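Residue 64 in the UniProt record's numbering sits at position 64 of the sequence shown; the count goes up by one each step and never skips.
Where a beta carbon is used, it is the ideal one built from N, C-alpha and C, also for glycine.
The structure presented is a predicted model; accordingly, all values stated were derived computationally and were not measured.
Written out below as structure tokens is the structure these notes cover.
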Amino acid sequence: MERSNHTVTEFILVGFTTDPTMQLVLFGVFLGVYSLTVVGNTTLIVLICNDSRLHTPMYFFIGNLSFLDLWYSSVYTPKILMTCISEDKSISFAGCVSQFFFSAGLAYSECYLLAAMAYDRYAAISNPLLYAQSVSRTLCICLVTYSYTGGFVNAIILTSNTFTLDFCGDNVIDDFFCDVPPLVKLACDVKESYQAVLYFLLASNVITPTMLILASYLFIIAAILRIRSAQGRRKAFSTCSSHLVSVILYYGSILYIYSRPSSSYSLERDKMVSTFYTVLFPMLNPMIYIV
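Here it is, written out as structure tokens:
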């Protein structure tokens, strides 16, 4: 393959293993996980839409989170299933760009949406009597719109910078999807400017929402401590416990993958972590919020 990425027509996705038996086992596992993801998130969306008692800001955000997870999982899993049962492990250059763009856009959008949900929980607990006025339907729609807009604008920045790198040597991606760490490993020379872009996107799409979430929960804790009865405090905390679990699981895995310099990437270890937030997390979210 030529040293310029303009001559690349396809990449080869190694996936998890080259053992045919294990590939069939993994096919069954991922098919089961994807089926549960589709059924769980679709069911949650239908319930929220059809039950008027769930037409509240909290469930509006949960419904949008389920929609994001449904779309997010669909970016990866069909290709994973194909690579498990097919001898053709290739993905076209355009296909790799598209997968990379949508995965980044949806991941960043989910970061913003989780921050919006933290504000919603703060508004509900700190001043429940004015909750309907402070978190109006117009505000909810605006927050969701901003989440998608911010996510996909930053995805454009990341995608355009990543696919202008010069790839040299092998075109084999040691992963199950097109992502930053394996693509950086294939690049001839990763300039400091690209690393600066990664840190900027990390700060704007992960660190900033994380700080907003932490600030919201500090105010939430302060509001809960002002509640006199123990039963009231438990009830108030239970309304945000599901969101807190989602934040810890999602942000923990994202920060682990993308907060380190490219020199410290470990593809085998990162592959397992990325499997969690791309494939398993969308399946777990409906269970977290239903329970």
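Spatial distance of residue i from residue j (CA atoms)
i: Tyr277; j: Leu284; result: 10 Å
i: Ser204; j: Val273; result: 22 Å
i: Leu18; j: Leu47; result: The residue you asked about is not Leu; residue 18 is Thr in the sequence shown. If you take the alpha carbons of Thr18 and Leu47, they lie about 41 Å apart.
i: Ile224; j: Ala215; result: 14 Å
i: Phe102; j: Thr149; result: 13 Å
i: Ala132; j: Asp120; result: 10 Å
i: Tyr199; j: Gly32; result: 36 Å
Residue from the options whose Cα sits closest to the Cα of residue i
i: Tyr217; options: Leu114, Ala132, Thr162; result: Leu114
i: Ile221; options: Asn205, Thr210, Ser238; result: Ser238
i: Ile288; options: Thr9, Cys168, Ser242; result: Ser242
i: Thr56; options: Ser136, Arg228, Asn205; result: Ser136
i: Asp69; options: Cys84, Leu36, Phe177, Ile85; result: Leu36
i: Thr159; options: Leu201, Cys111, Ser147; result: Leu201
i: Gly28; options: Val14, Thr43, Thr83, Ile45; result: Thr83
i: Gly105; options: Tyr146, Leu165, Ile290; result: Tyr146
i: Ser97; options: Pro286, Asp179, Gly32; result: Correcting the residue type first, residue 97 is Val in the shown sequence and not Ser. Nearest C-alpha to Val97: Asp179.
i: Pro209; options: Val247, Ala236, Asp174; result: Val247
i: Ile207; options: Tyr256, Leu129, Met22; result: Tyr256
i: Cys240; options: Glu10, Phe61, Gly32; result: Phe61
i: Phe16; options: Asp174, Asn161, Val153, Val75; result: Asp174
i: Met211; options: Val144, Val197, Ala118; result: Ala118
i: Asn171; options: Leu198, Leu31, Met58, Ser92; result: Ser92
Unbroken alpha helix (DSSP H) run spanning residue i, endpoints
i: Ser98; result: 93-126
i: Thr17; result: Here Thr17 belongs to no alpha helix (DSSP H), and DSSP marks it neither H nor E.
i: Cys188; result: Where Cys188 is concerned, there is no enclosing alpha helix (DSSP H), given that its DSSP letter is neither H nor E.
i: Tyr277; result: Tyr277 -> no alpha helix (DSSP H), and no H or E assigned at all.
i: Cys142; result: 137-162
i: Ser134; result: 131-134
For residue i, three-class secondary structure by DSSP
i: Ser229; result: coil
i: Ser74; result: helix
i: Glu10; result: strand
i: Ser86; result: coil
i: Val172; result: strand
i: Phe61; result: helix
i: Phe30; result: helix
i: Phe167; result: strand
i: Asp69; result: helix
Assigned exposure category for residue i - 16 Cβ within 10 Å defines buried
i: Glu87; result: exposed
i: Ile254; result: buried
i: Pro78; result: exposed
i: Lys89; result: buried
i: Phe281; result: buried
i: Asn127; result: exposed
i: Glu110; result: buried
i: Leu129; result: exposed
i: Met22; result: exposed
i: Lys271; result: buried
i: Leu24; result: exposed
Check: residue i C-beta below 7 Å from any heavy atom of the ligand MN
i: Gly28; result: Among the ligands in the structure shown, none appear at all, so the ligand MN cannot be discussed.
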